[in-house]
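K.L.:
Sequence order for the protein chains is F and S.
Each residue of the first sequence is one higher than the one before, starting from 158 at the first, in the numbering used here.
Each residue of the second sequence is one higher than the one before, starting from 158 at the first, in the numbering used here.
My questions all concern the structure below.
There are 2 protein chains.
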Amino acid sequence: MSKATILVVDDEEDIRELVALNLDREGYTILTCETGEQALALARAKTPDLVLLDLMLPGIDGLEVCKRLKADPAQQHVPVVMLTAKGEESDIVAGLELGADDYVTKPFSGKVLVARVRRLLRKVAETADDKALVKVHGLVIDPARHEVLLNGKPITLTLTEFNILHTLSRRPGLVFTRYQIVDAIHGDDYLVTDRAVDVQIVALRRKLGSCGKLIETVRGVGYKFKD
Amino acid sequence: MSKATILVVDDEEDIRELVALNLDREGYTILTCETGEQALALARAKTPDLVLLDLMLPGIDGLEVCKRLKADPAQQHVPVVMLTAKGEESDIVAGLELGADDYVTKPFSGKVLVARVRRLLRKVAETADDKALVKVHGLVIDPARHEVLLNGKPITLTLTEFNILHTLSRRPGLVFTRYQIVDAIHGDDYLVTDRAVDVQIVALRRKLGSCGKLIETVRGVGYKFKD
DNA sequence: ATAGGTCCGTCCAGGTTCTGGAAGGAGAGA
DNA sequence: TCTCTCCTTCCAGAACCTGGACGGACCTAT
Numbered sequence: 158m159s160k161a162t163i164l165v166v167d168d169e170e171d172i173r174e175l176v177a178l179n180l181d182r183e184g185y186t187i188l189t190c191e192t193g194e195q196a197l198a199l200a201r202a203k204t205p206d207l208v209l210l211d212l213m214l215p216g217i218d219g220l221e222v223c224k225r226l227k228a229d230p231a232q233q234h235v236p237v238v239m240l241t242a243k244g245e246e247s248d249i250v251a252g253l254e255l256g257a258d259d260y261v262t263k264p265f266s267g268k269v270l271v272a273r274v275r276r277l278l279r280k281v282a283e284t285a286d287d288k289a290l291v292k293v294h295g296l297v298i299d300p301a302r303h304e305v306l307l308n309g310k311p312i313t314l315t316l317t318e319f320n321i322l323h324t325l326s327r328r329p330g331l332v333f334t335r336y337q338i339v340d341a342i343h344g345d346d347y348l349v350t351d352r353a354v355d356v357q358i359v360a361l362r363r364k365l366g367s368c369g370k371l372i373e374t375v376r377g378v379g380y381k382f383k384d
Numbered sequence: 158m159s160k161a162t163i164l165v166v167d168d169e170e171d172i173r174e175l176v177a178l179n180l181d182r183e184g185y186t187i188l189t190c191e192t193g194e195q196a197l198a199l200a201r202a203k204t205p206d207l208v209l210l211d212l213m214l215p216g217i218d219g220l221e222v223c224k225r226l227k228a229d230p231a232q233q234h235v236p237v238v239m240l241t242a243k244g245e246e247s248d249i250v251a252g253l254e255l256g257a258d259d260y261v262t263k264p265f266s267g268k269v270l271v272a273r274v275r276r277l278l279r280k281v282a283e284t285a286d287d288k289a290l291v292k293v294h295g296l297v298i299d300p301a302r303h304e305v306l307l308n309g310k311p312i313t314l315t316l317t318e319f320n321i322l323h324t325l326s327r328r329p330g331l332v333f334t335r336y337q338i339v340d341a342i343h344g345d346d347y348l349v350t351d352r353a354v355d356v357q358i359v360a361l362r363r364k365l366g367s368c369g370k371l372i373e374t375v376r377g378v379g380y381k382f383k384d
């Protein structure tokens, strides 16, 4: 997985810089903007992995932004962290009721912020990344332990191979295009040729031995896991 | 199914060539123009699948073009990617608020550009309702799995056969000319003899067995799926 | 009913496109 | 540096699509 993209919405430049500095150091990709309108537009275009949202904004205020984000099916799973001034507890409560996931009160330290962000992203990753075991035809895929059992015996896969196998086997029968597979593993705009997937598939099939035929190729479209 | 048409709007020849080169290599059909007026005219005439739009244009500028495209019901669903100079964040945000779908900052690499374009086009394709299940007369067509069930049993079709069946069965009773069928599958201006369709239809009918008669010939016109 | 014209079904071979597989090289981490 | 992983590139084989030819089916006017 690539590093997450975080949208920072605040009308004070100092805050934006403080936040950006700290998060940038952690390797996150940062998008910043000043108003609620901009925030909604940016969120729609980029679908960030997390939103840091000041509640006191000119124009559309933070609560309204939060509400709209949570109303959009494409965005509603994106965690929102509110930035509030100390003592605005009513706002905090209102925000949480609207679906915000956490809050940080100003003034805050960079460390606290980073910790919160990291925790939330991890939480999302864990719930989104289906940790459930996948068992099919003598094959057990265990995402929690990052392990694959072939007829009871563990086999070693590289990270990419494992991810591809997991992606396909999680939705047996569904066809994935090569680029869908790439995206599922590396995130959007990761720059590779689609033939790179073929190579991984070949290696996977070989390592899976007799179970290799569970990965079916759909000519002209992509690959799917046998149903 | 066929490769998309992309409209590139930029007043710098270098940029146009760079973009065209990269996209052409990917198999996209490229239209280029230099001014906002030309862009609007071309967009109306050709309805491209995506627009790459420089914001700094002589005459009508990029933002205005974007605004007008998004105001036109016939065009508003066409994704717009802005090309901006680095540091013009205000323009980016303004563009996004006007409905642009993504942006790329100059200077950009061909790879990044291609990745963005591909991602957006796929996003559009996925939201289209092409993946809905079609059930008719003991026949189930499942685009998501790329699978056809004939009385509960799966039958194997080639890609073209599948696409034709899907096209016809989605609108039972409607007659499609041979060229309409070709267009639906390979996109406009794909040059084949209409005889090619017949051959596919024959194979389809044979594979469908008793359900073969669901595909009816309309003499002098084309084919339709039984209502 | 028949003849003539148009359109469709079928077969086959040639050419195109797609995939499997192998080899080589770049980059990250030990 | 060495190793491991992953990506690109190339090639050959296979699957597939298409064009063309031909006979039969259908329609219409006579």
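All residues carry an ideal CB built from backbone N, CA and C; glycine is no exception.
1. Identify, in the order they occur along the chain, each residue of the same chain with its Cβ nearer than 7 angstroms to the Cβ of F/Ala200, setting aside the five sequence neighbours on each side.
2. How should S/Leu277 be labelled, buried or exposed, when 16 other C-beta atoms within 10 angstroms of its C-beta is the threshold for buried?
3. Give a yes or no on whether 8 angstroms exceeds the smallest Cβ distance from F/Glu194 to chain S.
4. Taking only runs that begin and end inside the segment 268-334 of chain S, name each unbroken alpha helix (DSSP H) of 4 or more residues, in chain order.
5. Chain F beta carbons: is any one of them nearer than 8 angstroms to that of S/Val250?
6. What three-state label does DSSP hand S/Glu183 in the structure shown?
7. Enumerated in chain order, which unbroken segments of the beta strand (DSSP E) with a length of 3 residues or greater are wholly contained in the segment 196-243 of chain F?
8. Could you say if the segment 289-300 of chain S and the segment 315-328 of chain S meet the contact criterion of at least three C-beta pairs nearer than 8 angstroms?
9. For F/Phe447, which residues of its own chain have a beta-carbon under 8 angstroms away from its beta-carbon, when the five flanking residues on both sides are left out?
10. Quick check: F/Asp351 and S/Ala272, are their CB atoms within less than 8 angstroms of each other?
11. Between the C-alpha atoms of S/Asn179 and S/Val274, what's the straight-line distance to the nearest angstrom?
12. What distance in whole Å lies between the Cβ atoms of F/Lys203 and F/Thr162, which are believed to be in contact at a cut-off of 8 angstroms?
13. Keeping to the same chain, check which residues put their C-beta closer than 8 angstroms to that of S/Pro205; ignore five residues upstream and five downstream.
14. S/Leu164 lies in the alpha helix (DSSP H); which residues open and close that run?
15. Please confirm whether F/Asp167 has its beta-carbon closer than 8 angstroms to some beta-carbon of chain S.
16. Drop a sphere of 10 angstroms on the beta-carbon of S/Ala196, count the other beta-carbons inside from all chains shown, and report buried for 16 or more, exposed for fewer.
17. How far does the beta strand (DSSP E) with S/Asp355 in it extend, from its first residue to its last?
18. Closer than 7 angstroms, Cβ to Cβ, to anything on chain S: give me those residues from the segment 317-344 of chain F, in chain order.
19. Can you tell me whether S/Val349 is buried or exposed? The criterion is at least 16 other CB atoms within 10 Å of its CB, across all chains shown.
20. Straight-line CA distance for S/Ile321 to F/Asp340?
21. Taking S/Tyr380 and S/Phe333 to be in contact with their CB atoms under 8 angstroms, please state how far apart those CB atoms are, rounded to whole angstroms.
22. As a quick exercise: from F/Leu210, F/Glu194, F/Gly193, pick the residue whose alpha carbon is nearest that of F/Ala177.
23. Taking DSSP's pairing of strands, which residues face S/Leu178 in a bridge?
24. Over what stretch of residues does the alpha helix (DSSP H) that includes S/Glu246 continue unbroken?
25. Compute the Euclidean distance between the alpha carbons of F/Leu105 and F/Leu314, then round it to the nearest angstrom.
26. Taking the CB atoms as reference points, tell me whether F/Leu306 and F/Leu365 lie closer together than 8 angstroms.
27. Leaving aside the five residues before and after F/Glu385 along the sequence, list all residues of the same chain whose C-beta is less than 7 angstroms from its C-beta, in chain order.
28. Taking a contact to mean a Cβ-Cβ separation below 8 angstroms, would you say S/Glu245 touches S/Gly216 in this structure?
29. Scan the segment 198-214 of chain F for residues whose Cβ lies nearer than 7 angstroms to a Cβ of chain S and list them as they occur along the chain.
30. How about S/Pro258 and S/Val237: are their beta carbons less than 8 angstroms apart?
31. What number of angstroms, rounded off, separates the C-alpha of F/Gly252 from the C-alpha of F/Leu212?
32. Use the C-beta contact count for F/Thr374: other C-beta atoms within 10 angstroms, 16 or more gives buried, fewer gives exposed.
33. Let me check one thing: in DSSP terms, what residues is F/Phe382 bridge-paired to?
34. When the Cα of S/Lys243 is compared with those of S/Tyr260, S/Pro230, S/Asp229, which residue comes out closest?
35. Which residue from F/Pro230, F/Lys268, F/Lys263 puts its Cα closest to that of F/Ile172?
P.N.:
Concretely, from the data shown:
1. In the first sequence, the residue the question calls residue 200 of chain F occupies position 43. Taken in chain order, the residues that qualify are Leu164, Val208, Leu226, Gln232.
2. Position 120 of the second sequence, counting from 1, holds the residue named residue 277 of chain S. Buried is the call here.
3. Here residue 194 of chain F corresponds to residue number 37 of the first sequence, with the count starting at 1. At least one chain S Cβ lies under 8 angstroms of F/Glu194.
4. 316-327
5. On the second sequence, residue 250 of chain S is found 93 positions in, with the first residue counted as 1. S/Val250 counts as touching chain F.
6. Position 26 of the second sequence, counted from the first residue, corresponds to residue 183 of chain S. Correct three-state label for S/Glu183: coil.
7. 207-211, 237-242
8. yes
9. Since the first residue shown for chain F is 158 and the last is 384, residue 447 of chain F is missing from the structure and cannot be characterised.
10. Within the first sequence, the letter at position 194 stands for residue 351 of chain F. Within the second sequence, the letter at position 115 stands for residue 272 of chain S. Not in contact: F/Asp351 and S/Ala272 (Cβ atoms no closer than 8 angstroms).
11. The residue given as residue 179 of chain S occupies position 22 in the second sequence. The residue given as residue 274 of chain S occupies position 117 in the second sequence. When rounded, the distance between both Cα atoms is 11 angstroms.
12. Here residue 162 of chain F refers to the residue found at position 5 of the first sequence. Here residue 203 of chain F refers to the residue found at position 46 of the first sequence. About 6 angstroms; that satisfies the 8 angstroms criterion.
13. Position 48 of the second sequence holds residue 205 of chain S. Same-chain partners within the cutoff: Ala161, Thr162, Ile163, Leu164, Leu188, Leu199, Val235.
14. If you number the second sequence from 1, residue 164 of chain S lands on position 7. Per DSSP, S/Leu164 belongs to no alpha helix (DSSP H); it is in the beta strand (DSSP E), 162-166.
15. Mapped onto the first sequence, residue 167 of chain F falls at position 10. Chain S contact via Cβ: absent.
16. Your numbering for residue 196 of chain S matches position 39 in the second sequence. Classification of S/Ala196: buried, given that the 10 Å Cβ count is 16 or more.
17. The count along the second sequence starts at 1 and reaches residue 355 of chain S at position 198. No beta strand (DSSP E) contains S/Asp355, which is instead part of the alpha helix (DSSP H) from 352-365.
18. Gly330, Leu331, Val332, Tyr336
19. To locate residue 349 of chain S, count along the second sequence from 1; it is residue 192. Exposed.
20. Looking up residue 321 of chain S in the second sequence gives position 164. Looking up residue 340 of chain F in the first sequence gives position 183. C-alpha separation (whole angstroms): 29 angstroms.
21. Against the second sequence, residue 380 of chain S aligns to sequence position 223. Against the second sequence, residue 333 of chain S aligns to sequence position 176. About 6 angstroms; that satisfies the 8 angstroms criterion.
22. Sequence index remark: in the first sequence, residue 177 of chain F carries index 20 (1-based). Out of F/Leu210, F/Glu194, F/Gly193, F/Leu210 has the C-alpha closest to the C-alpha of F/Ala177.
23. What you label residue 178 of chain S is simply residue 21 of the second sequence in a count that begins at 1. Answer by DSSP bridge pairing: none, since S/Leu178 is not bridged.
24. Position 89 of the second sequence, counted from the first residue, corresponds to residue 246 of chain S. Run containing S/Glu246: 246-254, per the alpha helix (DSSP H) assignment.
25. For residue 105 of chain F there is no data in the structure shown, the boundaries of chain F being 158 and 384.
26. Start at 1 with the first residue of the first sequence, and residue 306 of chain F comes out as number 149. Start at 1 with the first residue of the first sequence, and residue 365 of chain F comes out as number 208. Contact: no.
27. No statement about residue 385 of chain F is possible, as the shown extent of chain F runs from 158 to 384 and does not include it.
28. Reading the second sequence from its first residue, position 88 is the one you call residue 245 of chain S. Reading the second sequence from its first residue, position 59 is the one you call residue 216 of chain S. No, these two residues do not count as a Cβ contact at 8 angstroms.
29. Ala198, Leu199, Ala202
30. Numbered from 1 along the second sequence, position 101 holds the residue referred to as residue 258 of chain S. Numbered from 1 along the second sequence, position 80 holds the residue referred to as residue 237 of chain S. This sequence places Asp at residue 258 of chain S; Pro is not what is there. Cβ distance < 8 angstroms, so S/Asp258 and S/Val237 count as in contact.
31. Walking along the first sequence from the start, residue 252 of chain F turns up at place 95. Walking along the first sequence from the start, residue 212 of chain F turns up at place 55. One C-alpha to the other measures close to 9 angstroms.
32. As a working note, residue 374 of chain F is residue 217 in the first sequence. Counting Cβ neighbours within 10 Å, F/Thr374 comes out exposed, since fewer than 16 surround it.
33. Residue mapping note: residue 382 of chain F aligns to position 225 of the first sequence, counting from 1. In the DSSP output, where bridge partners are listed per residue, F/Phe382 has F/Ile372.
34. The residue you call residue 243 of chain S lines up with position 86 of the second sequence. Out of S/Tyr260, S/Pro230, S/Asp229, S/Tyr260 has the C-alpha closest to the C-alpha of S/Lys243.
35. Taking the first residue of the first sequence as position 1, residue 172 of chain F is located at position 15. Ranking F/Pro230, F/Lys268, F/Lys263 by Cα distance to F/Ile172 puts F/Lys263 first.
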